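Novice:
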Amino acid sequence: AEDVPFINQAEAAKLNAGNPFGNYRVFQQTRACELWPRGNIPPDFQQPVSSNVPVLIFSGYRDPVTPPERGDEVAKYLPNSRHVIIPHGGHGADGLTPADCVDRLIIEFLNRGDVKSLDTGCVETMAPPPFATK
Numbered sequence: 078a079e080d081v082p083f084i085n086q087a088e089a090a091k092l093n094a095g096n097p098f099g100n101y102r103v104f105q106q107t108r109a110c111e112l113w114p115r116g117n118i119p120p121d122f123q124q125p126v127s128s129n130v131p132v133l134i135f136s137g138y139r140d141p142v143t144p145p146e147r148g149d150e151v152a153k154y155l156p157n158s159r160h161v162i163i164p165h166g167g168h169g170a171d172g173l174t175p176a177d178c179v180d181r182l183i184i185e186f187l188n189r190g191d192v193k194s195l196d197t198g199c200v201e202t203m204a205p206p207p208f209a210t211k
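Heads up, the sequence shown is in my numbering, so the first residue is 78 and it goes up one at a time.
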């Protein structure tokens, strides 16, 4: 909802011209947000946040919504961050095995308060479930 006021409908329609679904989702989301209570959005809302606190950033390599490039962009402003890209991840790691990899990394990060020494090797072993045709 906080991003909707910044959507340029004409630009969205142009970008979605070749999409078989067209601009439907953007239009419906905008329409739904017209009914939602609104707060004031500060002018600097879309400006990057800079901080030296440790930050663990996850991206799914196959995420069409917030691809890894976005994580790289965020990391530029967070010098004490670590960007972990999950090779088979989408807009989350649901359904991938080992299922506890991301949770273990988050818990380890919270316990240590440090991103540099995390052993992120388990993300390379994360795989989607087998696809059954019958």
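Virtual Cβ for every residue (Gly too), placed ideally from N, Cα, C. This structure is a prediction, so every number in the text was calculated from the model and none was measured.
Taking the C-alpha atoms as reference points, what is the distance between V126 and L155?
Specialist: Residue mapping note: residue 126 aligns to position 49 of the sequence shown, counting from 1. Residue mapping note: residue 155 aligns to position 78 of the sequence shown, counting from 1. The alpha-carbon atoms of V126 and L155 are separated by roughly 8 Å.
Novice: Fully enclosed by the region 133-190, which beta strand (DSSP E) runs are 3 residues long or longer?
Specialist: DSSP runs (the beta strand (DSSP E)) wholly in the region 133-190: 158-163.
Novice: Expressed to the nearest angstrom, what Euclidean distance is found between the alpha-carbon atoms of E201 and V81?
Specialist: Start at 1 with the first residue of the sequence shown, and residue 201 comes out as number 124. Start at 1 with the first residue of the sequence shown, and residue 81 comes out as number 4. Roughly 35 Å between the two C-alpha positions.
Novice: What residues are listed by DSSP as bridge partners for A204?
Specialist: For the purposes of this step, residue 204 is taken as residue 127 along the sequence shown, with counting starting at 1. Paired residue(s): T174.
Novice: For the alpha helix (DSSP H) containing R102, name the first residue and the last one.
Specialist: Translated into positions along the sequence shown, residue 102 becomes position 25. R102 -> alpha helix (DSSP H) spans 101-111.
Novice: From S194, G190, Q123, V151, pick the residue whose C-alpha is nearest to that of S136; which is it?
Specialist: Within the sequence shown, numbered from 1, the residue matching residue 136 stands at position 59. Here the closest residue by C-alpha is V151.
Novice: Does the beta-carbon distance from P206 to G172 come in below 8 Å?
Specialist: Numbered from its first residue, the sequence shown carries residue 206 at position 129. Numbered from its first residue, the sequence shown carries residue 172 at position 95. Yes; because the gap between Cβ atoms is below 8 Å, this pair is in contact.
Novice: So what does DSSP say about K91, is it helix, strand or coil?
Specialist: Locating residue 91 in the sequence shown gives position 14, counting from the first residue. Helix.
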